[in-house]
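Take the sequence shown: its position 21, counted from the start at 1, is 38 in the working numbering, and no numbers get skipped.
One structure is given here, and the rest of the page talks about it.
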Amino acid sequence: MDGFRLVKLNEVIRQVDIVITCTGNKNVVTREHLDRMKNSCIVCNMGHSNTEIDVVSAGTCVGSGGDARG
18 MDGFRLVKLN EVIRQVDIVI TCTGNKNVVT REHLDRMKNS CIVCNMGHSN
68 TEIDVVSAGT CVGSGGDARG
């Protein structure tokens with residue numbers, strides 16, 4: 018991916034403002050990631066499946082002010 022610096026989510030999760038998944042894999046964003054994110058972080062899935070983000074945990078996170086949809 019020319020021009021893009023690839024990093025692991027665990028390395029930057031406390032710093033990012035937006036997390037977008039489009040991998041087609043399961044459990045890309047876990048409860049552990051959600052717990053470490055900024056309170057204002059926006060998380061969305063651009064894929065066709067609702068298994069990339071742990072939406073059950075997203076709806077129960079402390080400080081969750083958003084809408085967790087599966």
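Ideal Cβ positions, reconstructed from N, Cα and C, are used throughout, including at glycine.
message = Taking the beta strand (DSSP E) that Val-33 belongs to, which residues open and close that run?
response = Careful: Val-33 lies outside any beta strand (DSSP E) and carries neither H nor E.
inquiry  = I need the DSSP call for Val-60, collapsed to helix, strand or coil.
reply    = strand
query = Using DSSP with H/G/I as helix, E/B as strand and the rest coil, what is Val-9?
reply = Outside the modelled stretch of the chain, which goes from 18 to 87, sits residue 9, for which no answer is possible.
Val-29 in three-state terms, based on DSSP = helix
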